[in-house]
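Residue numbers (our numbering): 24 to 720.
And the structure:
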């Protein structure tokens, strides 16, 4: 709506619009929001894994100077059952897992609240609990549906017969451990009631998702709940819905009318109250002819879920799409245990689900005497094996070939354990990546012209991924104006509805709504709008979804060093090549992709939540013992992408970049470790003890 020479914004590596505010401390995160005369809440948690609370003696805690209120199941406000048992906080005295919220102490400082909580005298009637994963147990369940309404099991052809007739077969079991989201910003909430209206400043990936849950829970109309969250310090999925702490904060605030209540989880509490990734056990069977052409693929997955909410890790989902074979089988089974509730963790399903199959592909390549890259190319497909639909765009082959060129794969000696650099054994490995191109319906955008600029409003979330910047660029392109003429407002339920920031769907979903709103604005007001001109529109439904399968693909390459005497592991080099549609901002996209790859490196070598089944809790529940990759662990990591646009997915041609970077990274490192040592590690994390004894022999 300016002159025709306005340069395009999408594709430009402009700096983060919110960058200066963040580095100067001016960006208000949830706990930073200014409120008058706040109180502080400390969550009281169960110390048994199953049973019920028989009594809470509050007399000593109430004597502590500064304690304002103590809430338990005896005096908490009665919530409405909204078919989400996780949110029915303090509604009974039953205990379903160790760490469950059983009370809260409100005081004038967080230290006083914590001190008083320690003075509560709690008695229990403890029951026998079960917290240990056992794949042989006879009561594994098959859920009716997986996340996104996907089928639990799929079958095509006769896998067993095909495997029996295959020239080459691989059958192995691969495992990934319990892992926990640990965003830089813990889960925080400020809750305040004002004349029956609830205001929540909370760290979330979707303000409207929080409102939609909290309003009926407290018997309120949605207009009586406001949720604000303009800045979020990471989420990785854990902030994709409200969890028990947000409800506890609202309950506590209701007990102290007129006073805001602030709650910030400790790092240890993060391991119990906001979800985690289940361990996975994947039995993978592959059958092929002597040329490596697959005739059968089978992926049978087992994981854990809780007795409270049956969330399931959809581990075998990516196997349905990755490679072509006429005979296919995928299954999911789960153990219901007396443990905390699992939930989304970056690329749920795809991330742990690609580990086993990508190792199995390398094992098959070795058995066939074929290069691992060539094996993957021979089993590439233009049609989605799961649905039979053509892909909107699939260029796994392009990712593999570009990675071969950039990584120097042609110089690789295929024999394991032969390349050395002094005391170090050197290996390289590859694995494929995939993630669906999700677009969620229901987002709306309002545009208003004021003072020569365009105010673009949507209740979207920026969890550190660059939403502030990318949406501004999309709006500027659609409006044909400089980015400086776009004033974006996000992170508030007073703004038009936005879907959750999850499933790498944010830019596709919200950007589509922006384009629709611009089209409505132009139709109503033309190219020269008057002051105050306004329009609002919702993103159209994805018409291509019925005709096409939309997925992104990639290739991960890794070089690894393993010390022949100590088993010490180093990863000096990683490369990811991705086919993800159009890139809105190369600067923020690269940041997301290498962030995902770094998280995959951390998964490969370090992350492992250790459950003590005797007590039903995670014993390494802090950063002293739950190790995450740090700067010293990360050397040369580079992410690149193919130059492409996918117009079938949305008006911008994007497919999302938030999660595909973690998918396949751990498998590439594991394959490189085998190439370096000749020792095949099929269970994460890959630690020095896996090699010491084997290399000594």
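Every residue gets a Cβ at the ideal spot worked out from N, C-alpha and C, and that includes glycine.
Owing to the predicted nature of the structure, the values given are computational and were not obtained by experimental measurement.
Handout entry: Short Cβ contact (8 Å threshold) for residue 457 with residue 373
Key = Contact annotation: residue 457 and residue 373 have beta-carbon atoms nearer than 8 Å.
Handout entry: Bridge partner(s) assigned by DSSP for residue 74
Key = Answer by DSSP bridge pairing, in chain order: 118, 149.
Practice task
Go through its chain and collect everything with a Cβ distance to residue 673's Cβ below 7 Å, but skip five positions before and after it.
Solution key: Non-local C-beta neighbours of residue 673 in its own chain, meaning closer than 7 Å and more than five positions away in sequence, comprise 462, 531, 534, 535, ordered along the chain.
Practice task
Leaving aside the five residues before and after residue 39 along the sequence, list all residues of the same chain whose C-beta is less than 8 Å from its C-beta, in chain order.
Solution key: Excluding positions up to five away in sequence, the list reads 45, 489, 491, 492, 610, 611.
Handout entry: DSSP three-state assignment for residue 281, whether helix, strand or coil
Key = Correct three-state label for residue 281: coil.
Practice task
Identify every residue that forms a DSSP beta bridge with residue 581.
Solution key: In the DSSP output, where bridge partners are listed per residue, residue 581 has 452, 597.
Practice task
Quick one: which unbroken alpha helix (DSSP H) runs of 4-plus residues sit fully inside the segment 457 to 519? Chain order, please.
Solution key: Runs found: 490 to 502.
Exercise for the section: Output the distance between the C-alpha atoms of residue 709 and residue 693, rounded to the nearest integer angstrom. Expected result: In a straight line, the C-alpha of residue 709 is about 7 Å away from that of residue 693.
Practice task
Starting from the Cα of residue 320, find the closest Cα among 311, 327, 328, 326 and give me that residue.
Solution key: For residue 320, the closest C-alpha among the options 311, 327, 328, 326 is that of 311.
Handout entry: residue 197, enclosing alpha helix (DSSP H) - first and last residue
Key = Counting along the chain, residue 197 sits inside no alpha helix (DSSP H); it lies in the beta strand (DSSP E) bounded by residues 191 to 199.
Handout entry: Residue(s) in a DSSP beta bridge with residue 221
Key = Answer is 216, 248.
Practice task
Look at residue 74 and residue 118 and say whether their C-beta atoms are less than 8 Å apart.
Solution key: Taking 8 Å as the Cβ cut-off, residue 74 and residue 118 qualify as a contacting pair.
Handout entry: Terminal residues of the alpha helix (DSSP H) in which residue 697 lies
Key = Bounds of the alpha helix (DSSP H) holding residue 697 are 688 to 700.
Practice task
State the beta-bridge partners of residue 550 as determined by DSSP.
Solution key: DSSP lists no partner for residue 550.
Practice task
For residue 606, I'd like the list of residues in its chain whose CB is within less than 7 Å of its CB, leaving aside the five on either flank, ordered along the chain.
Solution key: 34, 612, 664, listed in sequence order.
Problem - Distance between residue 352 and residue 730 (C-alpha atoms, nearest Å) - result: Any property of residue 730 remains undetermined from this structure, which presents the chain solely from 24 to 720.
Handout entry: C-alpha gap between residue 106 and residue 264, whole angstroms
Key = Take the alpha-carbon of residue 106 and the one of residue 264: they are about 14 Å apart.
Exercise for the section: Decide if residue 25 is buried, meaning its Cβ has at least 16 other Cβ atoms within 10 Å, or exposed. Expected result: Low confidence applies here, because residue 25 scores a pLDDT of 44, under 50, leaving its location unreliable; read the following figure in that light. So residue 25 ends up on the exposed side.
Problem - Run of the beta strand (DSSP E) containing residue 427, from where it starts to where it stops - result: Taken as a continuous stretch (DSSP letters only), residue 427 belongs to no beta strand (DSSP E), being part of the alpha helix (DSSP H) at 419 to 430.
Problem - Proximity below 8 Å, CB of residue 275 to CB of residue 94 - result: Yes.
Handout entry: Rounded Cβ spacing between residue 628 and residue 279 (contact assumed at less than 8 Å)
Key = So it is not a contact: roughly 46 Å between Cβ atoms.
Handout entry: Cβ shell of residue 644 (< 6 Å), same chain only, five flanking positions each side left out
Key = For residue 644, the CB contacts under 6 Å within the same chain, skipping 5 residues up- and downstream, are 291, 294 in chain order.
Problem - Between the CA atoms of residue 598 and residue 240 - distance to the nearest angstrom - result: Take the alpha-carbon of residue 240 and the one of residue 598: they are about 46 Å apart.
Exercise for the section: Using a threshold of 8 Å, state whether the C-beta atoms of residue 210 and residue 140 are closer than that. Expected result: For residue 210 and residue 140, no; Cβs fall outside 8 Å.
Exercise for the section: Report, in whole angstroms, the separation of the C-beta atoms of residue 529 and residue 483, which I expect to be a contact under 8 Å. Expected result: Indeed, because the Cβ distance is near 7 Å, the residues count as touching under 8 Å.
Practice task
Tell whether a beta-carbon distance below 8 Å holds between residue 56 and residue 173.
Solution key: It is not a contact, given that the beta carbons lie outside the stated cut-off.
Exercise for the section: Check whether the Cβ atoms of residue 707 and residue 200 lie closer than 8 Å to each other. Expected result: Taking 8 Å as the Cβ cut-off, residue 707 and residue 200 qualify as a contacting pair.
Handout entry: Status (buried if at least 16 other CB within 10 Å, exposed otherwise) for residue 98
Key = So residue 98 counts as exposed.
Problem - Cβ distance (whole Å) where residue 376 is taken to contact residue 339 below 8 Å - result: The pair is a contact, with the Cβ atoms about 6 Å apart (cut-off 8 Å).
Problem - Cβ-based burial, residue 215 [other Cβ within 10 Å; buried from 16] - result: Residue 215 is buried by the Cβ-count criterion.
Practice task
Under 8 Å Cβ to Cβ from residue 391, same chain only, skipping five residues before and after it: list those, please.
Solution key: Counting only Cβ-Cβ distances below 8 Å, and skipping sequence neighbours, we find 191, 311, 313, 314, 315, 398.
Problem - Under the three-state DSSP convention, the category residue 356 falls into - result: Note: residue 356 maps to strand in three-state DSSP.
Practice task
From the DSSP output, in three-state form, read off residue 380 for me.
Solution key: DSSP places residue 380 in helix when its eight states are reduced to three.
Exercise for the section: Could you tell me whether the segment 568 to 586 touches the segment 422 to 439, using the rule of 3 or more Cβ pairs below 8 Å? Expected result: Contact between the segment 568 to 586 and the segment 422 to 439 is present, because at least three Cβ pairs lie under 8 Å.
Exercise for the section: Count the C-beta pairs between the segment 549 to 559 and the segment 424 to 443 that are closer than 8 Å, then say yes if the count reaches three, no if not. Expected result: Taking a cut-off of 8 Å on C-beta distances, the segment 549 to 559 does not touch the segment 424 to 443, as fewer than three cross pairs fall below it.
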